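Since the structure comes first, as structure tokens, the remarks are kept for the end.
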């Protein structure tokens, strides 16, 4: 009964001690998270060492199984608390990295949006310039076509006048 109460008291102390760092862990910078990880690893190593020593001591006693069960329970409680602390450190690290990634994505999207807007403006200016060039070229071609048509008309009128003059000369020769 005495050992059970000791185990329960130890478990309560460990859970209270373990609950405190996990609440504060969420705001820790990366360097402090790593130092917390080192502390947890050191505590885990110490708990394992204590268990090995208790295990050796149990083999000396008469009631080996009861002693081993109690030692294993103490180790399990201590390691469970350390595992909770590890999980809270991992969660804090995940949240920190996620926040950094979101911030990087937002910055990238912001700069991409600005780049896209500048690219669209440049494309629109270039398209307008091309449209203006095509319109000017069409107007130039139309003016050339009109000048060509006008010169053809003049040439045709000249040919018709020449043909009429020749016909009048032939008619005058034939009448004479």
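Residue numbers (this note's numbering): 544 to 719.
By construction, the Cβ of each residue, glycine as well, lies at the ideal position given by its N, Cα and C atoms.
Quick caveat: nothing in here was measured; it's all calculated off a predicted structure.
request  = Could you check the C-alpha separation between residue 717 and residue 705 for me, to the nearest Å?
outcome  = Their backbone Cα atoms lie some 18 Å apart in a straight line.
request  = Can you tell me which of the three DSSP states residue 606 falls into?
outcome  = The three-state secondary structure of residue 606, taken from DSSP, is coil.
key: Through-space distance from residue 596 to residue 604, alpha-carbon basis   = 13 Å
message = Does the segment 571 to 584 come into contact with the segment 627 to 634, if we say contact requires no fewer than three beta-carbon pairs (one atom in each stretch) closer than 8 Å?
response = For the pair of segments examined, the segment 571 to 584 was found to touch the segment 627 to 634: the number of CB pairs separated by less than 8 Å reaches three.
key: Closest Cα partner of residue 592 within the set 607, 606, 614   = 614
query = Do residue 586 and residue 622 have their C-beta atoms closer together than 7 Å?
reply = no
request  = Identify, in the order they occur along the chain, each residue of the same chain with its Cβ nearer than 8 Å to the Cβ of residue 567, setting aside the five sequence neighbours on each side.
outcome  = Any reading at residue 567 needs caution, since the residue's pLDDT is 48, under 50, leaving its predicted position unreliable; the model's value is listed next. Cβ within range, chain order: n/a, list empty.
query = What's the gap between the Cα of residue 660 and the Cα of residue 683?
reply = 34 Å
inquiry  = Here's a check: name, in chain order, each residue in its chain whose Cβ is nearer than 6 Å to the Cβ of residue 607, leaving out the five neighbours to either side.
reply    = Cβ-Cβ distances below 6 Å link residue 607 to 601 in the same chain, with the five nearest sequence neighbours on each side left out; the list follows chain order.
message = So, with DSSP's three-state summary, where would you put residue 654?
response = helix
query = According to the neighbour-count rule (16 or more other Cβ atoms, all chains shown, within 10 Å of its Cβ), is residue 628 buried or exposed?
reply = Answer is buried; the Cβ neighbour count reaches 16.
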